[in-house]
Amino acid sequence: MSTFHKIQRVKGVSDVLSREYGARQHIEQQLLSHFYQYGYAPLASPILEHSELYLRKSGEDIIARMYDFQYRNRRLCLRPEMTASIIRAYLDQLYDEPMPTRLCYAGSVFRYEKPQRARYRQFTQVGVELIGASGALAEGEIMHLACTGLDRIGIQQYQLVMGHIGILTEFLNHIGLEGQLRSFLIFNMELLRKQGQGLSELLDRIHTIYPMFQRSSDDSAPFTENTLNENRSQKLIDLLKHMDESEARQAVIDFLFSLNITLDSNRDENEIVDRLLSKIRRDEQIPRLNKAIQFMHDLSQLNGTAETVLREAERLAEAYELSRAPLEQIAQLIQVLRAYGLDQTKLTLDLGLSRGLQYYTGAMFEIYHTGKSEAGQLCGGGRYDDLIHTLGGPKTPATGFAYGLERLYLALEAEQHLKTADFIPQVLVIPLEGEELSDSIRIAQQLRDQALRVEMTIRERSLKSSLQYADRRGIPYVLILGSQERAADQVRLREMGTRTESLCDLTTAIRHIKEAVNV
RNA sequence: GUGGCUAUAGCUCAAUGGCAGAGCGUCUCGUUGUGGCCGAGAAGGCUGUGGGUUCGAGCCCCAUUAGCCACCCCA
Numbered sequence: 006m007s008t009f010h011k012i013q014r015v016k017g018v019s020d021v022l023s024r025e026y027g028a029r030q031h032i033e034q035q036l037l038s039h040f041y042q043y044g045y046a047p048l049a050s051p052i053l054e055h056s057e058l059y060l061r062k063s064g065e066d067i068i069a070r071m072y073d074f075q076y077r078n079r080r081l082c083l084r085p086e087m088t089a090s091i092i093r094a095y096l097d098q099l100y101d102e103p104m105p106t107r108l109c110y111a112g113s114v115f116r117y118e119k120p121q122r123a124r125y126r127q128f129t130q131v132g133v134e135l136i137g138a139s140g141a142l143a144e145g146e147i148m149h150l151a152c153t154g155l156d157r158i159g160i161q162q163y164q165l166v167m168g169h170i171g172i173l174t175e176f177l178n179h180i181g182l183e184g185q186l187r188s189f190l191i192f193n194m195e196l197l198r199k200q201g202q203g204l205s206e207l208l209d210r211i212h213t214i215y216p217m218f219q220r221s222s223d224d225s226a227p228f229t230e231n232t233l234n235e236n237r238s239q240k241l242i243d244l245l246k247h248m249d250e251s252e253a254r255q256a257v258i259d260f261l262f263s264l265n266i267t268l269d270s271n272r273d274e275n276e277i278v279d280r281l282l283s284k285i286r287r288d289e290q291i292p293r294l295n296k297a298i299q300f301m302h303d304l305s306q307l308n309g310t311a312e313t314v315l316r317e318a319e320r321l322a323e324a325y326e327l328s329r330a331p332l333e334q335i336a337q338l339i340q341v342l343r344a345y346g347l348d349q350t351k352l353t354l355d356l357g358l359s360r361g362l363q364y365y366t367g368a369m370f371e372i373y374h375t376g377k378s379e380a381g382q383l384c385g386g387g388r389y390d391d392l393i394h395t396l397g398g399p400k401t402p403a404t405g406f407a408y409g410l411e412r413l414y415l416a417l418e419a420e421q422h423l424k425t426a427d428f429i430p431q432v433l434v435i436p437l438e439g440e441e442l443s444d445s446i447r448i449a450q451q452l453r454d455q456a457l458r459v460e461m462t463i464r465e466r467s468l469k470s471s472l473q474y475a476d477r478r479g480i481p482y483v484l485i486l487g488s489q490e491r492a493a494d495q496v497r498l499r500e501m502g503t504r505t506e507s508l509c510d511l512t513t514a515i516r517h518i519k520e521a522v523n524v
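Once you know that position 265 of the first sequence is 270 in my numbering, the rest is easy, because the numbers rise by one and skip nothing.
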């Protein structure tokens with residue numbers, strides 16, 4: 006083609022051609038007007054944000070996959086998800102609005118992941134955030150919106166999977182499990198949902214990351230104390246274990262000081278001592294860890310129809326002496342969804358749901374395509390009551406969700422309900438000689454004023470090849486303008502499909518085309 | 001991040017280590033102002049990129065980039 010070699014497309018992104026472009030625009034516009042009907046106002050936030058916005062709450066997985074870079078002394082990123090960006094904009098501009106504030110959006114997000122089937126490095130999220138409302142009515146509205154949005158664009162085969170992170174967090178609080186290990190467990194909750202090997206995979210991971218936990222052969226108590234510790238230092242450790250917090254801390258500092266070891270690293274002295282103490286005490290965590298794993302395993306089995314799962318969860322809560330609050334929230338939420346008329350067969354409860362974003366604090370949900378497609382998960386969302394505060398705002402409850410637009414497209418394609426906008430011109434105007442040029446331009450404009458899509462032949466070519474062109478592009482009507490037509494002050498309208506022609510005035514031609522094209 | 005398969009014309013693919021080809025698409029022509037078929041012709045390639053082995057590499061070896069698939073995670 007040329008002496009330069011072709012520049013390749015950047016990995017994991019795609020060019021969207023007119024067929025898909027039209028369909029995607031249609032989906033996006035349908036969803037947004039659906040949201041408008043519930044009072045959600047559109048908000049477009051920038052693609053570029055400070056990386057810091059995501060570092061705190063987005064979850065390690067997303068942070069690791071951010072397009073994150075240094076530019077002129079600023080650390081910037083391409084947004085990896087919409088919620089944090091929308092909340093940032095809300096706190097900048099909108100937080101004096103009366104609550105609740107309802108916002109919706111559609112925009113590109115970027116994640117540096119290995120591209121695959123329904124996974125791209127640039128993809129489009131379409132979603133809503135409902136800010137300043139707690140409770141089942143808010144969550145119900147969000148889930149209802151997510152489902153009816155699918156109904157509206159024509160996706161019929163889907164399943165709503167609902168969970169609640171509060172059950173697990175409350176249990177972990179209840180038994181007093183340490184922070185880092187605790188978020189590790191929450192993050193890996195999903196593993197247990199897998200049939201068969203999920204549990205042992207989780208245990209392996211724990212052991213890899215925390216080698217001080219020894220595996221045991223007893224499945225009901227999978228970890229035991231690391232017995233290698235039984236040397237002389239064990240006595241010291243035992244002593245420290247039996248002191249209270251401040252006493253132990255002072256003892257360690259004094260001990261180091263007496264050996265002339267100074268803590269002159271960059272880290273805070275207290276932090277170092279804290280970590281040391283918590284490591285020493287780690288084996289105290291073992292019974293808790295075992296208990297947590299047992300509980301998580303039980304919880305992950307609670308998966309099925311709402312009634313069954315709720316009943317079993319009640320029993321579980323009783324056995325572990327847990328607060329019923331999250332279960333009651335779920336029951337209320339189901340009531341709300343029922344009032345909205347949700348098809349109950351499309352609802353599944355899955356108390357093992359934990360989701361990758363770490364900012365979720367309560368009810369959560371995902372919707373899966375159950376049709377024969379590669380779309381998989383169509384959307385996800387839930388309650389995030391801490392995020393706004395974490396981003397520097399007042400404590401404000403909030404919920405939201407986002408669809409993956411590309412996946413909606415795949416699902417619709419699989420269900421063969423794709424509505425694709427038409428970009429093909431309806432009329433081709435063909436001037437035969439130079440004398441007809443200015444007339445042709447004027448006529449083409451008049452047709453466009455009637456909201457028709459009109460092309461004019463601008464290549465020097467014969468009538469024959471212009472007709473051939475119209476045929477190949479699928480243009481249904483052509484207007485031929487030559488000396489004959491000009492003399493009669495008329496146009497020649499040719500209908501390509503039937504190969505019929507008529508000589509008529511422009512108004513008649515326009516009326517004819519509009520009638521044929523609009524219906 | 002781990003593992004497997006692949007890369008030749010715009011697209012789909014050929015070519016024993018020895019002249020880089022076909023079909024489709026694009027453009028022109030088959031004589032006056034009329035398209036789908038048919039016929040003739042043209043354009044289009046440093047064989048993804050960079051090294052190596054060889055008298056000689058599209059083919060063998062190494063690296064790299066990109067694509068597909070399975071894990072993992074997500075939208």
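For glycine and all other residues, C-beta sits at the position ideal for the given N, C-alpha and C.
Starting from the C-beta of Leu96, find all residues in its chain whose C-beta is less than 8 Å away, skip the five residues before and the five after it, and write them out in chain order. Ile393, Leu396, Gly397, Gly398
In the DSSP assignment, the beta strand (DSSP E) including Val18 goes from what residue to what residue? It is not in any beta strand (DSSP E) - Val18 carries neither H nor E in the DSSP assignment.
Answer yes or no: do Gly387 and Ala151 have a C-beta to C-beta separation smaller than 8 Å? Contact flag unset, no.
Ends of the beta strand (DSSP E) at Ala344? Run containing Ala344: none in the beta strand (DSSP E); it sits in the alpha helix (DSSP H), 330 to 344.
Identified DSSP bridge partners for Phe406: Val133, Gly386
Hey, how far is the Cα of Lys400 from the Cα of Asp390? 8 Å
Whole runs of the alpha helix (DSSP H) within the region 306 to 331, excluding any shorter than 4 residues: Counting only runs of 4 or more, we get 311 to 324.
Using DSSP with H/G/I as helix, E/B as strand and the rest coil, what is Tyr365? In the structure shown, Tyr365 sits in coil (DSSP, three-state: anything other than H, G, I, E or B).
For Arg122, which residues in the same chain have their Cβ closer than 7 Å to its Cβ, ignoring the five residues on either side in sequence? Glu379
Buried or exposed for Gly405, please, with buried defined as at least 16 other CB atoms from any protein chain shown within 10 angstroms of its CB. buried
Just verifying my parser: in three-state terms, what is the DSSP assignment at Ile104? Residue 104 is actually Met in this sequence, not Ile. Of the three classes helix, strand and coil, the one that applies to Met104 here is coil, per DSSP.
Arg497 versus Glu438: straight-line alpha-carbon distance, rounded: 15 Å
Through-space distance from Val432 to Thr8, alpha-carbon basis: The pLDDT assigned to Thr8 is 49, lower than 50, so where the model puts this residue is not dependable; a value taken from the coordinates is nonetheless given after this. Computed Cα separation, rounded: 39 Å.
Would Met194 and Gly357 qualify as a contact pair, given that the criterion is a beta-carbon distance under 8 Å? yes
Compare the C-alpha of Tyr365 against each of Ala324, Leu177, Cys509, His169 and name the closest. Here the closest residue by C-alpha is His169.
Candidates Ile485, Pro51, Gln306, Met104, of which the one nearest Gly44 by Cα: Met104
Taking Phe74 as part of the alpha helix (DSSP H), name the residues at either end of that continuous run. Segment 72 to 76 is the beta strand (DSSP E) holding Phe74; no alpha helix (DSSP H) there.
Ile172 to Pro331, Cα distance in whole Å? Using only the alpha carbons, I get a separation of about 6 Å.
Exposure of Glu441, with buried meaning 16 or more beta-carbon neighbours within 10 Å: Answer is buried; the Cβ neighbour count reaches 16.
N- and C-terminal bounds of the beta strand (DSSP E) containing Met87: From DSSP, Met87 is part of no beta strand (DSSP E); its letter is neither H nor E.
Residue nearest to His5 in terms of C-alpha spacing, selected from Ala456, Ala297, Gly381: Any question about residue 5 goes unanswered here, given that the chain covers just 6 to 524.
In chain order, what residues of the same chain lie with their CB nearer than 7 Å to the CB of Glu317, ignoring the 5 residues before and after it? Leu307
Roughly how many angstroms lie between the CA atoms of Asp454 and Ala111, to the nearest whole one? 31 Å
I need the DSSP call for Gly439, collapsed to helix, strand or coil. Helix.
With DSSP collapsed to three states, give me the class of Glu118. coil
Leu347: which of Leu511, Phe128, Leu165, Arg499 sits nearest, CA to CA? Leu165
Residue of Gly132, His39, Gln161 minimising C-alpha distance to Leu417: Gln161
Look at the alpha carbon of Ile485 and the alpha carbon of Pro430, and state the distance between them as a whole number of angstroms. Ile485 and Pro430: Cα-Cα distance of roughly 16 Å.
Pop quiz: Leu108 and Ala46 are said to be a contact at Cβ under 8 Å. What is the actual Cβ separation, rounded to whole angstroms? 6 Å
Would you mind working out which of Ala336, Leu53, Phe370 sits nearest Ala94, comparing C-alpha positions? Leu53
Using DSSP with H/G/I as helix, E/B as strand and the rest coil, what is Pro51? Of the three classes helix, strand and coil, the one that applies to Pro51 here is coil, per DSSP.
Does the contact criterion of 3 or more C-beta pairs under 8 Å hold for the region 421 to 429 versus the region 24 to 41? Proximity of the region 421 to 429 to the region 24 to 41 meets the contact definition, three or more beta-carbon pairs being nearer than 8 Å.
With respect to the beta strand (DSSP E) encompassing Arg14, which residues constitute its N-terminal and C-terminal limits? First-last for Arg14: undefined, no H or E at that position.
Does the distance from the CB of Arg80 to the CB of Glu57 come in under 8 Å? yes
Which word fits Tyr408, buried or exposed, when buried means at least 16 other C-beta atoms lie within 10 angstroms of its C-beta? buried
Residues bridged to Val432 by DSSP? Val459, Tyr482
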